[in-house]
Amino acid sequence: MTNGFKDETSAIPVAKDIRGYPVDFEMPGATIAHKALQFIYNPQRSLAKSSAAMVQRWSIALSAYSYDIHHRSAQSIPHANYLSRYAISEEASTGDCLLNQPLPVSRSDLVRETRKYYHAIISCVRRGWRGDIKPRVPEFYKRREEIPVTCDGVLYYGDRIIVPPTLRTAVLNDLHSGDLGIEKMKSLARLTCWWPELNHDLNRIAKSCADCVHKTHRQPSKWTPWPVFSESWQRIHVDYCGPFFNKYYALVIVDSYSLWLEVYFTTTPSSEFTIQTLRKTFSKEGVPHAIVTDNGSHFTAKKATDWLNSVSCRHVLTPPRHP
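Per my numbering, the very first residue in the sequence shown carries number 28; after that it's consecutive.
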């Protein structure tokens, strides 16, 4: 397999299959066609901390085994690709096919137009790519390992539908609906569809739309840090965490200057428990100038806000999960 994701996932079930072998059993050397994997899963190298969590979990699973990893070109190990590449001699029976992602075109139109414009590519996918077709469809030829075809004749690039020319206008109009800007349009397109000139067509539409141009050149919002105090207990941040063990919630109080932390547990977050806990904390540490919470009802209830006003503590509200 030349696809890195397939190579990675295929190693895990192999490792699980030999888990029951003797302790001193060594896994045979792994030969891969994806060159990057020899660095990712090399037992003599440590994995980068910035690696995806999924890749780190696979690396941890393979670290329990003794093995060597070698790279060879895909052309030199054709037997490894035989079962997934070998063309079947008969047409598969047509079953029900569903779009992975919604498109503003019907399935029947997609099947009809794909067969009309891409019949040669469908033939190559099913029977093997010929060298003489490369100059005619270079963008498809260089992606030939990632282009499958469904039983009813719809082409995919990975998990994105390849849209024939006659249906592209409808898809572009759908991507442009809402005037989201060029980056949002490209992000949506990466989830649903592909054709060779897709990025060029999206840029053309975005440049002709005033709203999209405005969003493209809009200045990013300025980041404003919290004011810095010169002593502790001037501003505190408060929020509930949990549940823990499906029962307990923790009221966490943090001083922004010293990072002093106090935690109180309860089975039910409420404004009564919040007031009771803050009163106890204020009696020890003093009343802060400001308290920062989210918009939870246990902080914004009238009883809680009236009590904070009575002790002359300014209440600052933030969006949820940003205490």
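Where is the CB? At the ideal position from N, CA and C, for every residue including glycine.
For the candidate residues the options, whose alpha-carbon lies nearest to that of residue i?
| i | options | result |
| --- | --- | --- |
| glutamine 303 | Arg157, Thr193 and Lys330 | Lys330 |
| aspartate 186 | Asp321, Arg217 and Leu229 | Arg217 |
| threonine 332 | Lys311, Pro347 and Glu299 | Glu299 |
| asparagine 336 | Pro346, Pro347 and Arg306 | Arg306 |
| leucine 199 | Gln83, Asp282, Ala277 and Leu130 | Leu130 |
| serine 133 | Ala197, Tyr145, Pro346 and Ser103 | Ala197 |
| cysteine 178 | Ser297, Val138 and Gly323 | Val138 |
| glycine 180 | Phe272, Asp136, Arg170 and Ser297 | Asp136 |
| tyrosine 144 | Phe309, Pro192 and Ser103 | Pro192 |
| leucine 278 | Asp228, Leu89 and Val265 | Val265 |
Does DSSP classify residue i as helix, strand or coil?
| i | result |
| --- | --- |
| aspartate 266 | strand |
| tyrosine 183 | strand |
| phenylalanine 271 | strand |
| valine 190 | coil |
| tyrosine 145 | coil |
| cysteine 239 | helix |
| serine 337 | helix |
| tryptophan 85 | helix |
| leucine 344 | strand |
| cysteine 178 | coil |
Please classify residue i as buried or exposed, where buried requires at least 16 other C-beta atoms within 10 Å of its C-beta.
| i | result |
| --- | --- |
| methionine 81 | exposed |
| valine 290 | exposed |
| leucine 344 | exposed |
| aspartate 238 | exposed |
| isoleucine 280 | buried |
| aspartate 3 | This structure leaves residue 3 out entirely; the chain is present only between 28 and 350. |
| tyrosine 267 | buried |
| proline 49 | Unreliable placement is indicated for proline 49, whose pLDDT of 49 sits below 50; the coordinate value is still reported in the next sentence. It counts as exposed. |
| proline 296 | buried |
Looking at the ligand MN, does it come within less than 7 Å of residue i, judged from the CB to the closest heavy atom?
| i | result |
| --- | --- |
| arginine 341 | Absent from the structure shown: the ligand MN. Ligands present: none. |
Sufficient close CB pairs (3 or more, under 8 Å) joining the stretch 223-238 to the stretch 246-257
no
Counting pairs of Cβ atoms below 8 Å between the stretch 337-346 and the stretch 306-315, do you hit three or more?
yes
Is it true that the stretch 201-208 meets the stretch 149-166, where meeting means three or more beta-carbon pairs spaced less than 8 Å apart?
no
Inside the stretch 247-333 only - alpha helix (DSSP H) runs reaching at least 4 residues:
298-312 and 324-327
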